[in-house]
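The structure appears right after this line, and notes come after that.
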Amino acid sequence: MNIKFTKRLSYKQARNTVLVAFLLGLMLSIAQVTLDYSYEKAFIDAQIRSILDITRNPAARMAYIIDHELAQELVNGLLKSPSVIGVELIDSNANVLASAKEAMFDAPYRGISDFLFGKTRYYQEPLTIDYNPNELLGYLNLEIDTYAIGSSFLQRSLTTLATGFVRSLVLSVILLFLFYSTLTKPLVSLIKALTRLNPEDEKNAVQLPYPKHHEDDEIGCLVKTTNQYLQSLHSNLTRRQEAEAQLRHYLGQLETIVDQRTGELRRTNEQLQTSNAMLERARHQAEQMAEARSAFLASMSHEIRTPLNGVLGMIGLTLDSELNHEQQQQLTIAYNSGKVLVELLNDILDLSKFESGKLLLEQIEFDLRGTVEDAVNLHSQSANEKKLALECDIAPEIPENILGDPTRIHQIISNLLSNAIKFTSKGFVQLSVQVADENDQEFIVAINIKDSGIGISKEAQEKIFQPFSQANVDITRKFGGTGLGLALCRNLSEAMGGHLKVSSEPSLGSTFTVILPLAKPEHIFRPQVNPQLQYYQILLLCHDALQQTLCNHLDYWGAPYKTLSYQQPLVPQLEQIKPHLYSCVIIDRAADANAFINANDDMSIIFATAHQDMLDKETQQILGISKQLQLPLRRNELYSTLLQVFHLSSQTTVEEISQVPTSTFEAMHILVVEDNHINQLVVKGMLEKIGHHVDVATQGKECLALCQQHHYDLVFMDCNMPVMDGYEATQKLRTIEHMKSVPVIALTANALSHDRQKCLDSGMNDYLAKPFKKDQLAYMVEKWAGQHRNSLTAEPARA
60 MNIKFTKRLS
70 YKQARNTVLV
80 AFLLGLMLSI
90 AQVTLDYSYE
100 KAFIDAQIRS
110 ILDITRNPAA
120 RMAYIIDHEL
130 AQELVNGLLK
140 SPSVIGVELI
150 DSNANVLASA
160 KEAMFDAPYR
170 GISDFLFGKT
180 RYYQEPLTID
190 YNPNELLGYL
200 NLEIDTYAIG
210 SSFLQRSLTT
220 LATGFVRSLV
230 LSVILLFLFY
240 STLTKPLVSL
250 IKALTRLNPE
260 DEKNAVQLPY
270 PKHHEDDEIG
280 CLVKTTNQYL
290 QSLHSNLTRR
300 QEAEAQLRHY
310 LGQLETIVDQ
320 RTGELRRTNE
330 QLQTSNAMLE
340 RARHQAEQMA
350 EARSAFLASM
360 SHEIRTPLNG
370 VLGMIGLTLD
380 SELNHEQQQQ
390 LTIAYNSGKV
400 LVELLNDILD
410 LSKFESGKLL
420 LEQIEFDLRG
430 TVEDAVNLHS
440 QSANEKKLAL
450 ECDIAPEIPE
460 NILGDPTRIH
470 QIISNLLSNA
480 IKFTSKGFVQ
490 LSVQVADEND
500 QEFIVAINIK
510 DSGIGISKEA
520 QEKIFQPFSQ
530 ANVDITRKFG
540 GTGLGLALCR
550 NLSEAMGGHL
560 KVSSEPSLGS
570 TFTVILPLAK
580 PEHIFRPQVN
590 PQLQYYQILL
600 LCHDALQQTL
610 CNHLDYWGAP
620 YKTLSYQQPL
630 VPQLEQIKPH
640 LYSCVIIDRA
650 ADANAFINAN
660 DDMSIIFATA
670 HQDMLDKETQ
680 QILGISKQLQ
690 LPLRRNELYS
700 TLLQVFHLSS
710 QTTVEEISQV
720 PTSTFEAMHI
730 LVVEDNHINQ
740 LVVKGMLEKI
750 GHHVDVATQG
760 KECLALCQQH
770 HYDLVFMDCN
780 MPVMDGYEAT
790 QKLRTIEHMK
800 SVPVIALTAN
810 ALSHDRQKCL
820 DSGMNDYLAK
830 PFKKDQLAYM
840 VEKWAGQHRN
850 SLTAEPARA
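Quick note on numbering: the numbering used here labels position 289 of the sequence shown as 348, and the sequence is numbered without any gaps.
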């Protein structure tokens, strides 16, 4: 055991004990020396005082008799004392009778003695006689050297300190031996035994021997605890060795299993690679099928829209000519049916866009009220054919302008109305629009379509929102349909940041609710109402839904009114209300007109009815009806009708937002490039009705030739044409100097989003999908031709 002597425990114990003993002994020695010092100081004074007491009487007699010889002997005798170095005897007259003095001698420790006791001391003793103590005979003066006494003190102090040190040294040696014997030696033997021990090589648990005479003390407890630890360590090592043996056994089994699994994984990997190759081929085939489907949809869209544009365009042109009522009604039905077909085509294309992630939404300013009313009016014919009450209730607080995608909103409402009418055989279909919430950035608009139709079971309510799915096969067989409408409505709602939900029970009808967040424009327009309306009182006698809608509008306009009920006889009600106070009545049953005329023949009567039920002028005059109001109700028509029957100025009518701005441009020279003869006639007829000059080219090369010869304000370009298509023609058109800035509008039946981008990339300015209406065509003309004219007038100014 290589432990330094100074690091051993016995040395540290002995060192600490001796250090304490030494300090205590030193303190005691210092205390003893201090007491001896005090004693020596007092001894000096006592010794000199004894000398003075002995010599005082002889010195007094000598001073009295003035004996110089005896005085000198006395002085010399005193000088023989070791402490006295100077003696002087003086009489009463201050005469020196005798004196003696010897020099102080140097010694090694004289400085310490002088420091402790002083170098010399002086004593003066007055001399008197006993029988006359008041008579002063003289003085005896002594000079004392303290070294004689101080040296004796120093010797004693040194001896005291030396003996104390020797005692401490002897004590430390004794203690060191005792501590080594009782502590260090048994510990060293215990350490050596532990050093030689190796528990891993022992089959049985080893035990440390107890040091002799230490079986029951702290070292014995240490040995006992160590043996217990060794016993536990041996047990743990035994278990670990057993576990290692088992682990080696398991590792052997595991290696066998791993080899087996590796073989299986290798075979599985080969199968997976084969499957991946098959999946890659399937993916490639799916991509090809998707591309083929996109191409098919584009082709189908083009092939359907091209003749459909001719049909709707020609019907639209015919509707603008002079027709009788029956012809007008028949052509309107045909036109609306064509628009339904266009909407079905749009549904198919939009669903395809959703699946490919290519649907683009507009964010433009539009009239939500007008969009909703147009959608309701589009389906009014279908509702009337089934004798359903189609009601439209739009909250008056809906602003005149709002930001969103009017086409998609119209599409959602149209699909939901179409379904409601389809699945309702009797009763009603009600559409209502309210502002559910509002903040600084947007309106939260709630659109509800409620019907009294067959209803939907809980189990089928989620299924109906899946593409090509309906509640059950019987419904498909009985009512028909593709199952696209609701899926598209939900997708469109969610794409605009809203949602679509349904509440329904079988045989109790359904309520579809669309929640849409629509952004606020920079400036919000509110309707301006003629304030004179408040001076005309109005009576209402209609069915409940229409009556509630009328009440909402009249409340908002501040017009006073009173409602009558179908539940009570009409004549008694009129007798109670003083009919002469009312200027107008709105009814929805023509038979009730006579009762109001009898009550007040000056009262104007407004008859609200569906378009096909409107009265001819002769019947209207016979019944005394002043005006007819077409249902479903439009707010602006109601307002205009009231102004007419009250003979009020229409300059403060409700402001409307229209997509087609008022024409402020002069007649323009427009080139139409279209290979389909029917579409040529449609576009040319619409543009000429607006008042523009039109040239027609059948393909791209003819277009370029005409543009070389003439200056055009605007070009409508079809995309798919023989010889040279519209994309190539537009690119070459831009190389003609005077045609570089002329707007080119794509006029094509391709309606997918990538088709629009392809047109823009080729150099066209805008895009108009077939079929289109005259007002859409007029909007494009005025939008782009106006910008072109402004740029032409600005260039000379800059020059």
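Note that the Cβ used here is the ideal one computed from N, Cα and C, for glycine as well.
For residue i, the first and last residue of its enclosing beta strand (DSSP E)
{"i": "T622", "result": "620-622"}
{"i": "Q689", "result": "686-690"}
{"i": "F174", "result": "Not the beta strand (DSSP E): F174 falls in the alpha helix (DSSP H), residues 169-176."}
{"i": "H558", "result": "558-563"}
{"i": "Q202", "result": "At residue 202 the sequence reads Glu, which differs from the Gln that was named. Counting along the chain, the beta strand (DSSP E) containing E202 begins and ends at 197-204."}
{"i": "K160", "result": "155-160"}
{"i": "D150", "result": "143-150"}
{"i": "T430", "result": "Not the beta strand (DSSP E): T430 falls in the alpha helix (DSSP H), residues 427-437."}
{"i": "T179", "result": "179-186"}
{"i": "L592", "result": "L592 -> no beta strand (DSSP E), and no H or E assigned at all."}
{"i": "I453", "result": "448-453"}
{"i": "I681", "result": "Taken as a continuous stretch (DSSP letters only), I681 belongs to no beta strand (DSSP E), being part of the alpha helix (DSSP H) at 676-682."}
{"i": "A554", "result": "No beta strand (DSSP E) contains A554, which is instead part of the alpha helix (DSSP H) from 544-554."}
Three-way DSSP call (helix, strand, coil) for residue i in this model
{"i": "V840", "result": "helix"}
{"i": "L78", "result": "helix"}
{"i": "L419", "result": "coil"}
{"i": "L598", "result": "strand"}
{"i": "N611", "result": "helix"}
{"i": "N657", "result": "helix"}
{"i": "R108", "result": "helix"}
{"i": "V504", "result": "strand"}
{"i": "K63", "result": "coil"}
{"i": "L730", "result": "strand"}
{"i": "E518", "result": "coil"}
{"i": "H293", "result": "helix"}
{"i": "V532", "result": "Unreliable placement is indicated for V532, whose pLDDT of 45 sits below 50; the coordinate value is still reported in the next sentence. In this structure, V532 counts as helix in the three-state DSSP scheme."}
{"i": "T668", "result": "strand"}
{"i": "K398", "result": "helix"}
{"i": "P580", "result": "coil"}
{"i": "L509", "result": "Note that residue 509 corresponds to Lys in the displayed sequence, not to Leu. Reduced to three states, the DSSP call for K509 is strand."}
Run of the alpha helix (DSSP H) containing residue i, from where it starts to where it stops
{"i": "A495", "result": "Where A495 is concerned, there is no enclosing alpha helix (DSSP H), although the beta strand (DSSP E) it sits in stretches over 487-497."}
{"i": "P245", "result": "244-255"}
{"i": "I636", "result": "629-636"}
{"i": "Y826", "result": "Here Y826 belongs to no alpha helix (DSSP H); instead the beta strand (DSSP E) covers 825-828."}
{"i": "H127", "result": "127-138"}
{"i": "S699", "result": "694-704"}
{"i": "N465", "result": "The sequence as given places Pro at residue 465; Asn does not occur at that position. Where P465 is concerned, the enclosing alpha helix (DSSP H) stretches over 465-481."}
{"i": "Q739", "result": "736-749"}
{"i": "A764", "result": "759-768"}
Distance, residue j Cα to residue i Cα
{"i": "L217", "j": "P141", "result": "22 Å"}
{"i": "K178", "j": "Y206", "result": "7 Å"}
{"i": "Y309", "j": "K251", "result": "41 Å"}
{"i": "S516", "j": "L623", "result": "38 Å"}
{"i": "F236", "j": "Q72", "result": "11 Å"}
{"i": "L400", "j": "I363", "result": "10 Å"}
{"i": "T712", "j": "N589", "result": "Because T712 sits at a pLDDT of 43, beneath the cut-off of 50, its placement in the model cannot be relied upon, and the point is left open."}
{"i": "Q680", "j": "Q389", "result": "25 Å"}
{"i": "I110", "j": "K139", "result": "12 Å"}
{"i": "C601", "j": "Y625", "result": "8 Å"}
{"i": "Q859", "j": "P167", "result": "With the chain covering 60 to 858 only, the question about residue 859 has no answer from this structure."}
{"i": "L201", "j": "T219", "result": "33 Å"}
{"i": "V786", "j": "D834", "result": "Reading off the sequence, residue 786 comes out as Tyr, not Val. Computed Cα separation, rounded: 26 Å."}
{"i": "V146", "j": "Q183", "result": "10 Å"}
Interface flag, residue i vs chain C, CB-CB below 7 Å
{"i": "Y98", "result": "The structure shown has no chain C; it contains just one protein chain."}
heavy atom of the ligand FAD below 6 Å from residue i C-beta
{"i": "K178", "result": "In terms of ligand content, the structure shown is empty, and the ligand FAD therefore cannot be addressed."}
**OP:** Pick out the complete alpha helix (DSSP H) segments inside the region 774-823, 4 residues or longer, and give them in chain order.
**Re:** 785-792, 812-820
Original post:
Between the region 689-701 and the region 439-458, do at least 3 Cβ pairs fall closer than 8 Å?
Top reply: yes
Original post:
Counting Cβ pairs, one atom from each stretch, are 3 or more of them under 8 Å apart for the region 607-625 and the region 570-584?
Top reply: no
**OP:** Answer yes if the region 474-493 comes into contact with the region 636-649, meaning at least three C-beta pairs across the two stretches below 8 Å, and no otherwise.
**Re:** no
Original post:
Taking contact to mean at least 3 C-beta pairs separated by less than 8 Å, is the region 321-341 in contact with the region 780-794?
Top reply: The region 321-341 makes no contact with the region 780-794: fewer than 3 CB pairs, one atom from each, lie closer than 8 Å.
**OP:** Say whether the region 744-754 touches the region 363-383, bearing in mind that this needs 3 or more beta-carbon pairs closer than 8 Å, one atom from each stretch.
**Re:** yes
Original post:
Looking at C-beta atoms only, is the number of pairs between the region 79-93 and the region 119-131 that lie closer than 8 Å three or more?
Top reply: no
Original post:
Does the region 723-736 touch the region 774-784, meaning 3 or more C-beta pairs lie closer than 8 Å?
Top reply: yes
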